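J.: Here the protein sequences line up with chains A and B, keeping their order. Each residue of the first sequence is one higher than the one before, starting from 1 at the first, in this note's numbering. Each residue of the second sequence is one higher than the one before, starting from 1001 at the first, in this note's numbering. Below you will find the structure I want to go over with you.
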Amino acid sequence: MRKIRTYQDVTHDTDSGLLEQVVDQQHRLADRLALVRSVVAVASGKGGVGKSAITANLAAALAGRGLAVGAVDADLNGPSLGRMLGVSGARLADRASGVEPAQGPSGVRVMSMELLQQEKDAPLRWREPEMGRFIWQSTLETGVLREFLGDVEWGELDVLLVDVPPGTDKIARLLELVPDLDQMLMVTTPSETSRFVVSKSVRMAREADVGTVALVANMVGHTCPECGHVSELFTGDGAKRLEEESGVPVWAEIPFDPRFGAATDSGTPLVITDPDAPSCRAILALADRVEGQVGIRARDTVETAGS
Amino acid sequence: MKFLCVECDKVMDFAERQVPGDGTLAAVFTCGSCDREVAMLTNPMETQLISSLGVKIGGREVPAQPMELARTSLEDGRDDAFVLSEDIPLASDDPGTRGEGASAGEATAIRIVWTSEATGRLERVPSFVRGMVKRIYTDWAREKGVSEITPESMDRARTELGLEGM
């Protein structure tokens, strides 16, 4: 049998240009994020814990302090951040250098799949051959998330928040695109089930060497608006246990407040209209922690390089 | 992906790409030693695998447009999601305002003119991708030194750039 050189044997390229284009995509993303002081992911791994509402309120709280804030809705299949930050129906200005994000009443710059879809109740569908959709669906979604991060004219930002959908695979997808993520907030509830799921995400974030990982315990108790009595929504102390087991600190404990969700659903985060509400005071305390970490990873990198 | 001319033991070079518009793709590679050509033909699934990465075999004639993958891949794209460039003030770094070789800070008055027939044809393109398509034609015209875009020059650009359906 004749000997044919293997792919690795052949050093000369065929000029298909595929690798160069992928590298160009990575450079485009890196150049765009170079103008962002801190990329902060709001993740969990678990669904239904309030990530999007916390992202919207945190973004509004940070913007209210005069910080330049952007928010990416990485939940392509169930986008909600645009609605929560009051940009539903906004149009995106098309420039050669990138697409300008929508800007809501709180001043937060937003990019969400909701802004690109024609029908409000239409599920996310791609133009693709019907056979084998599962093969490239993840590739397409990763590509579009890359465009949300890299093809949007974010400008100079202090904080770019990324609302990450449920599933540790979605966290891995973001880390693939932004390997030097500055902060990751892991939203959990006091429930044991939540602790069980979120612990996997915490491990993934730590193994990926994310700059700062912190827990946000949501729906911690419910204060009766009539008598002030505090009752528990969940049995268990899953967030505290997770803190003890993982060493990842709890940065905020947010009590359940029906107005928190209702205000956010209307496009105006409650932290804007009622910052003294217990849930909003917790958000503002969380904003203190996040703001305190802005730029720290970049400074560490510069100091390490200079030493 | 590499193509090796077994007889010459030489890597073949990319020569041409054709997109017939039925989801398939043809890419031609040539051996620099014996001039033998081979065509790689992909079925719609294989073509999709490549396009899902947001890349083109043989490289790009025009730079990737912002959010190109989302615009070209989304099934139910919103018609009015993007504001056309003429609806917003032109920035000094907008290539549409610059002449050949001008730097970002050297905005000049040179602009590409679209005839009414060309504009009418552009309006038939779904608005979701219209801004991007217009940008592609404008970039092509600037590169070729074409100051007026007509339906004929649009046809020429389509042929040269392999833009089926645009």
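Using N, Cα and C, we set each Cβ at its ideal position, and we do this for glycine too. Keep in mind that this is a model prediction, so the values were computed, not measured.
Assuming K51 of chain A contacts A43 of chain A under a Cβ cut-off of 8 Å, what Cβ separation, rounded to an integer in Å, is found between them?
T.: The count along the first sequence starts at 1 and reaches residue 51 of chain A at position 51. The count along the first sequence starts at 1 and reaches residue 43 of chain A at position 43. Contact flag correct, Cβ pair sits at about 7 Å.
J.: If contact means a Cβ-Cβ distance below 7 Å, which residues of the segment 47–81 of chain A contact chain B?
T.: none
J.: Can you give me, in chain order, the residues of the segment 1021–1048 of chain B that have a beta carbon less than 9 Å from any beta carbon in chain A?
T.: G1023, A1027, F1029, N1043, P1044, M1045, T1047, Q1048
J.: When you compare each of A:R91, A:M186, A:A34, A:A30 to K46 of chain A by their alpha carbons, which one comes out closest?
T.: Position 46 of the first sequence holds residue 46 of chain A. The option with the nearest alpha carbon to K46 of chain A is A:M186.
J.: For E1061 of chain B, return the contacting residues in chain A, with the cut-off set at a CB-CB distance below 7 Å.
T.: As a working note, residue 1061 of chain B is residue 61 in the second sequence. Those do not exist, as E1061 of chain B stays about 11 Å from chain A at its closest Cβ, beyond 7 Å.
J.: So, at 6 Å on beta carbons, what are the nonlocal neighbours of V1038 of chain B in its own chain, with the 5 sequence-adjacent residues on each side left out?
T.: Start at 1 with the first residue of the second sequence, and residue 1038 of chain B comes out as number 38. Here the set comprises F1029.
J.: Would you report the Cα separation of M204 of chain A and V210 of chain A, rounded to the nearest angstrom?
T.: Numbered from 1 along the first sequence, position 204 holds the residue referred to as residue 204 of chain A. Numbered from 1 along the first sequence, position 210 holds the residue referred to as residue 210 of chain A. Spanning the two alpha carbons is a distance of roughly 9 Å.
J.: My parser needs the beta strand (DSSP E) runs of 3 or more residues fully inside the segment 152–179 of chain A; what are they?
T.: 157–163
J.: At a CB-CB cut-off below 9 Å, which residues of chain A make contact with K1002 of chain B?
T.: Locating residue 1002 of chain B in the second sequence gives position 2, where the first residue counts as 1. In chain order: Y7, V10, H12, D13, T14, S16.
J.: Counting only Cβ-Cβ distances shorter than 9 Å, please list the residues of the segment 232–247 of chain A near chain B, keeping chain order.
T.: none
J.: Could you tell me whether the segment 1117–1133 of chain B touches the segment 124–136 of chain A, using the rule of 3 or more Cβ pairs below 8 Å?
T.: no
J.: So what's K51 of chain A in DSSP terms, helix, strand or just coil?
T.: For this step, residue 51 of chain A is matched to residue 51 along the first sequence. Helix at K51 of chain A.
J.: Quick one: measure Cβ to Cβ for D152 of chain A and V99 of chain A, integer angstroms, because I've assumed they're closer than 8 Å.
T.: By 1-based counting over the first sequence, the position of residue 152 of chain A is 152. By 1-based counting over the first sequence, the position of residue 99 of chain A is 99. In the sequence on display, residue 152 of chain A carries Val and not Asp. The C-beta separation of V152 of chain A from V99 of chain A comes to about 5 Å, placing the pair in contact by the 8 Å criterion.
J.: In the DSSP assignment, the alpha helix (DSSP H) including F1128 of chain B goes from what residue to what residue?
T.: As a working mapping, residue 1128 of chain B is identified with position 128 in the second sequence. Here the alpha helix (DSSP H) through F1128 of chain B covers 1127–1144.
J.: If we define contact as Cβ-Cβ less than 7 Å, is G132 of chain A a contact residue for chain B?
T.: Residue mapping note: residue 132 of chain A aligns to position 132 of the first sequence, counting from 1. True, the Cβ-Cβ gap to chain B drops below 7 Å.
J.: Given that W154 of chain A touches chain B, what residues does it touch there, using C-beta distances under 7 Å?
T.: Working through the first sequence from its first residue, we reach residue 154 of chain A at position 154. The premise fails here: W154 of chain A is roughly 12 Å from chain B at the closest Cβ pair, so nothing lies under 7 Å.
J.: Is there contact between the segment 265–281 of chain A and the segment 78–96 of chain A, where contact requires at least three CB pairs shorter than 8 Å?
T.: yes
J.: Check this for me: beta carbons of L215 of chain A and V248 of chain A, under 7 Å apart or not?
T.: Start at 1 with the first residue of the first sequence, and residue 215 of chain A comes out as number 215. Start at 1 with the first residue of the first sequence, and residue 248 of chain A comes out as number 248. For L215 of chain A and V248 of chain A, yes; Cβs fall inside 7 Å.
J.: When we look at the beta-carbon of R95 of chain A and count the other beta-carbons within 10 Å, is it buried (16 or more) or exposed?
T.: If you number the first sequence from 1, residue 95 of chain A lands on position 95. So R95 of chain A counts as buried.
J.: From the DSSP output, in three-state form, read off V294 of chain A for me.
T.: Taking the first residue of the first sequence as 1, we reach residue 294 of chain A at position 294. Reduced to three states, the DSSP call for V294 of chain A is coil.
J.: Please list, in chain order, all residues of the same chain as W154 of chain A whose beta carbon is under 6 Å from its beta carbon, the five residues on each side excluded.
T.: Here residue 154 of chain A corresponds to residue number 154 of the first sequence, with the count starting at 1. Cβ neighbours of W154 of chain A beyond the five flanking positions: G70.
J.: Less than 7 Å separating the beta-carbons of V108 of chain A and A53 of chain A?
T.: Working through the first sequence from its first residue, we reach residue 108 of chain A at position 108. Working through the first sequence from its first residue, we reach residue 53 of chain A at position 53. Contact: no.
J.: Is there contact here, the segment 1059–1067 of chain B with the segment 1034–1051 of chain B, by at least three beta-carbon pairs under 8 Å?
T.: no
J.: Taking contact to mean at least 3 C-beta pairs separated by less than 8 Å, is the segment 1014–1021 of chain B in contact with the segment 20–28 of chain A?
T.: For the pair of segments examined, the segment 1014–1021 of chain B was found not to touch the segment 20–28 of chain A: the number of CB pairs separated by less than 8 Å stays below three.
J.: Would you identify the three-state DSSP class for E253 of chain A, choosing helix, strand or coil?
T.: Residue mapping note: residue 253 of chain A aligns to position 253 of the first sequence, counting from 1. DSSP places E253 of chain A in strand when its eight states are reduced to three.
J.: Apart from the five residues just before and just after P1151 of chain B, which ones in its own chain have a Cβ nearer than 6 Å to its Cβ?
T.: Residue 1151 of chain B sits at position 151 when you count from the first residue of the second sequence. By the criterion of a C-beta distance shorter than 6 Å, P1151 of chain B is surrounded in its chain by E1117, A1118, R1121, once the five residues flanking it on both sides are discounted.
J.: Give the straight-line distance between the Cα atoms of N1043 of chain B and L1049 of chain B, rounded to the nearest whole angstrom.
T.: Start at 1 with the first residue of the second sequence, and residue 1043 of chain B comes out as number 43. Start at 1 with the first residue of the second sequence, and residue 1049 of chain B comes out as number 49. So the two alpha carbons sit approximately 10 Å from each other.
J.: Could you have a look at F1082 of chain B and say whether DSSP puts it in helix, strand or coil?
T.: Locating residue 1082 of chain B in the second sequence gives position 82, where the first residue counts as 1. In the structure shown, F1082 of chain B adopts extended strand secondary structure according to DSSP, grouped into three states.
J.: Where does A1064 of chain B fall in DSSP's three states?
T.: If you number the second sequence from 1, residue 1064 of chain B lands on position 64. If DSSP states are grouped into helix, strand and coil, A1064 of chain B belongs with coil.
J.: Give a yes or no on whether 7 Å exceeds the smallest Cβ distance from Q118 of chain A to chain B.
T.: On the first sequence, position 118 is the one that residue 118 of chain A refers to. For Q118 of chain A, the answer is yes, since a Cβ of chain B falls inside 7 Å of its Cβ.
J.: Measure the alpha-carbon distance for T1138 of chain B versus R1071 of chain B and round it to whole angstroms.
T.: Looking up residue 1138 of chain B in the second sequence gives position 138. Looking up residue 1071 of chain B in the second sequence gives position 71. Each residue's alpha carbon lies about 18 Å from the other.
J.: Quick one: complete alpha helix (DSSP H) runs, 4+ long, within the segment 85–165 of chain A?
T.: 133–150
J.: Buried or exposed: V202 of chain A, going by 16 or more other Cβ atoms within 10 Å of its Cβ?
T.: Position 202 of the first sequence, counted from the start, is the residue given in the question as residue 202 of chain A. In the assembly as shown, V202 of chain A is a buried residue. Its beta-carbon has 16 or more other beta-carbons within 10 Å.
J.: Tell me, please, whether the segment 216–233 of chain A touches the segment 187–196 of chain A by the rule of three or more beta-carbon pairs shorter than 8 Å.
T.: yes
J.: From the DSSP secondary-structure annotation, give me the bridge partner or partners of R1017 of chain B.
T.: As a first step, residue 1017 of chain B is located in the second sequence; it is residue number 17 there, counting from the start. DSSP output for R1017 of chain B lists B:A1027 as bridge partner(s).
J.: Taking Cβ-Cβ distances below 9 Å as the criterion, which residues of the segment 1052–1077 of chain B are in contact with chain A?
T.: S1052, L1053, G1054, V1055, K1056, I1057, G1058, G1059, R1060, P1063, A1064, Q1065, P1066, M1067, E1068, L1069, A1070, R1071, T1072, S1073, L1074, E1075, D1076, G1077
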